[in-house]
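The end of the sequence shown is residue 105 by full-length UniProt numbering, with every number in the run present.
For every residue, glycine included, the Cβ atom is placed at its ideal position computed from N, Cα and C.
Predicted, not measured: the structure shown is a model, and the values here were computed from it.
The structure appears below as structure tokens.
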Amino acid sequence: MAQIPNTKLELHPSMFDLLMTVLAYNAANAPVESVRSGAKDLMEKRMRFTRLYMSKDGEQYASLCMYENEAGEMIWQLLLSAALNYDVSEEYHKKLKVGSRSDPQ
1 MAQIPNTKLE
11 LHPSMFDLLM
21 TVLAYNAANA
31 PVESVRSGAK
41 DLMEKRMRFT
51 RLYMSKDGEQ
61 YASLCMYENE
71 AGEMIWQLLL
81 SAALNYDVSE
91 EYHKKLKVGS
101 RSDPQ
């Protein structure tokens, strides 16, 4: 029996369109093949499994259900897009506490 995706995200239709636009751009223009293919895969899955619903307030929203690995890939794709638009001015990672394990998983 298939496992139900454990990550759910509800988006205004305009934000869903923006998300898909970012993925389409990455699918066509990312410098690394694995990033391009990851974006294409996410686009295909989002179009196949995302549904439009009506809220109690009468507003439409897109309901996305994803597995953890898909959500992680989605974040990576969004960060790649953001990297083209922002200059890093502070090294926040230097303020993090050091963990006792090399792999958090």
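Of the residues the options, the one placed nearest residue i, counting alpha carbons only
i           : options                         : result
Asp-18      : Pro-5, Ala-82, Asp-41, Lys-95   : Reading off the sequence shown, one finds Leu at residue 18, where the question assumed Asp. The shortest Cα separation from Leu-18 among Pro-5, Ala-82, Asp-41, Lys-95 belongs to Ala-82.
Ile-4       : Asn-85, Phe-49, His-93, Ser-14  : Phe-49
Glu-70      : Lys-45, Met-54, Asp-57          : Lys-45
residue 112 : Arg-101, Lys-95, His-93, Met-47 : Nothing about residue 112 can be read from this structure; the chain reaches only from 1 to 105.
Tyr-61      : Lys-8, Val-98, Ser-100          : Lys-8
Whole-Å CB distance - residue i paired with residue j, under 8 Å assumed
i      : j      : result
Ser-63 : Glu-10 : 5 Å
Residue i (DSSP reduced to helix, strand or coil)
i       : result
Ser-100 : coil
Glu-91  : coil
Leu-79  : helix
Met-66  : strand
Leu-23  : helix
Cutoff 8 Å; reference residue i; Cβ partners in own chain excluding five residues on either side
i      : result
Gln-77 : Val-22, Leu-23, Asn-26, Val-35, Gly-38, Ala-39, Leu-42
Neighbourhood of residue i by C-beta, 7 Å cutoff - its chain only, sequence neighbours within 5 removed
i      : result
Gly-58 : none
Own chain residues within Cβ distance below 6 Å of residue i, not counting five before or after
i      : result
Ala-30 : Arg-36
Worksheet item: What runs of the beta strand (DSSP E), each 3 residues or longer, lie entirely inside the segment 26 to 61?
Response: As far as the segment 26 to 61 is concerned, its whole beta strand (DSSP E) runs of at least 3 residues are 51 to 54.
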